[in-house]
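Protein chains in written order, with our numbering: chain A, 73 to 271; chain B, 73 to 271.
For each residue, glycine too, the CB sits at the ideal point set by N, CA and C.
Note that this is a predicted model, so its numbers are computed, not measured.
Below: the structure, in structure tokens.
Next up, the structure:
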């Protein structure tokens, strides 16, 4: 599929930020994944939820399903993920996600992913080839300065030009160096799972 | 306890908005209740969660526990509830909540509560006296115009003067006629419970 082209990035562009909750690594089970819809960098418009398997291979499918079933699907213009690994080493194939939901995908990490370390970790997991393929197909890691501060973020993109991706990240990172939808998805996913542990 | 006095209402005053999720009325079980911390009317700072019993009598205690156990407790200056009935007819005693968490409580409803209708519904429930007492002790219903539009909201207050309550509501209702923390608590609570139904 050809990348989406944006004629202009509207200040109120609907973006979905997706992050996972807190979990104990290497355990069996699932982790909550939360998607948050923002109008640009300012207003929360909606929330959705799914579960993915710890160290499983279902993250791409589960996140795609969550998006397509959401009442906000038609309004969304771009999906922003907190990195490409969820629930441990459940790797999201961002190109497949782009093709399935027909929306550009931007993965954003605060730290530069250490691919050699990840490759080694994947070697111990079932379907290691498939996971690595998803890692590789995410393409090159692009450093972006979303704000006028020193700290960069590291992105991988699917279905969108590097230029448009940078514009989207810059216009939606209103409160920190990541898009507000992603900052808030992190707070909600970790806040809710933290409360569950306490119950 | 004497009401809290606010020397000034800071634009970034930390408010907690509390709302319940979607549930089937008159069933047995619990409903998710979500608390959302906002800095004034603009930035989401945290999320917390508890569960209350449908048509039960534990809402006051559960919400107080959730607040006191939260890492955001010390920062909070005011609690804003979506009305005083949660999970059906689980009535929050706002004066008791104020005394327990030592924070002013403002209940905000978009529709004027029909006390006669509520009184009749309570008659069919156990501990009807206690519920009605909580309803009565919430005091008079005050109409507030939070924005320069025609629509009013209906509030009941505990531990705060009417003047301060109005100031807080006006400064935090940035996107709609209710405080942003409450609007977003509603979206999160209903969004998450809607997703759960689908799973």
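- Taking C-beta separations shorter than 8 Å and ignoring five residues to either side along the sequence, the partners of residue 139(B) in its chain run 88, 107, 120, 145, 148, 151, 173, 175, following chain order.
- At a C-beta separation below 7 Å, residue 115(A) has these neighbours in chain B: 247.
- When Cβ pairs closer than 8 Å are counted between the two stretches, the segment 157-167 of chain B is seen to touch the segment 116-136 of chain B, the count reaching three or more.
- If one requires a minimum length of 3 residues, the beta strand (DSSP E) runs lying completely within the segment 103-128 of chain B are 115-125, in chain order.
- Residue burial annotation: residue 73(A) is exposed, with fewer than 16 other C-beta atoms found within 10 angstroms of its C-beta.
- At a cut-off of 8 Å between beta carbons, residue 259(A) contacts chain B.
- For the pair of segments examined, the segment 238-252 of chain B was found not to touch the segment 183-193 of chain B: the number of CB pairs separated by less than 8 Å stays below three.
- DSSP places residue 173(B) in the helix class (H, G or I) of the three-state scheme.
- Burial check for residue 96(B): the Cβ neighbour count within 10 Å stays below 16, so the residue is exposed.
- Spatial neighbours of residue 76(B) in its own chain (CB-CB distance under 7 Å, excluding positions within 5 residues in sequence) are listed in chain order as 176, 231, 232.
- According to DSSP, residue 228(A) shares a beta bridge with 179(A).
- Within the segment 117-128 of chain A, those residues whose Cβ lies closer than 9 Å to any Cβ of chain B are, in chain order, 117, 118, 119, 120, 121, 122, 123.
- Excluding the 5 residues flanking it on each side, residue 167(B) has same chain C-beta neighbours closer than 7 Å at 209, 230, in chain order.
- Flagged as an interface residue toward chain B: residue 264(A), by a C-beta distance shorter than 8 Å.
- With a 10 Å radius around the Cβ and a threshold of 16 neighbouring Cβ atoms, residue 255(A) comes out buried.
- In this structure, residue 226(A) keeps its C-beta atom at 8 Å or more from the C-beta atom of residue 261(A).
- Contact between residue 228(A) and residue 193(A) is absent: CB atoms are separated by about 18 Å, not below the 8 Å threshold.
- Per DSSP, reduced to three states, the secondary structure at residue 130(B) is coil, with no helix or strand assignment.
- Closest in C-alpha terms to residue 135(B), from the list 118(B), 153(B), 143(B), comes 153(B).
- Taking the Cα positions, residue 109(B) is about 5 Å away from residue 117(B).
- Residue contact check for residue 256(B) against chain A: a CB pair falls below 8 Å.
- Comparing C-alpha distances from residue 219(B) to each of 211(B), 199(B), 252(B) shows the shortest one belongs to 252(B).
- Rounded to the nearest whole angstrom, the CA to CA distance from residue 266(B) to residue 141(A) is 11 Å.
- Beyond the five residues adjoining it in sequence on each side, residue 211(A) comes within less than 8 Å, by CB distance, of 228, 229, 230 in the same chain, given in chain order.
- Annotation for residue 153(B): the continuous beta strand (DSSP E) segment containing it runs 150-154.
- Excluding sequence positions up to five before and after residue 248(A), its CB lies within less than 7 Å of the CB of 255, all in the same chain and listed in chain order.
- With a threshold of 16 other beta carbon atoms within 10 Å, residue 213(A) falls short and is exposed.
- Between the alpha carbons of residue 236(B) and residue 137(B) lies a gap of roughly 25 Å.
- Taking a C-beta distance under 8 Å as the contact criterion, residue 124(B) and residue 103(B) qualify as a contact pair.
- Between the alpha carbons of residue 170(B) and residue 155(B) lies a gap of roughly 15 Å.
- In the three-state reduction of the DSSP assignment, residue 195(B) falls in the helix class, which pools H, G and I.
- The Cβ atoms of residue 206(B) and residue 217(B) do not sit closer than 8 Å to each other.
- Residue 101(A) is positioned such that its CB atom lies no closer than 8 Å to that of residue 264(A).
- For residue 203(B) and residue 196(A), the gap between their C-alpha atoms comes out near 57 Å.
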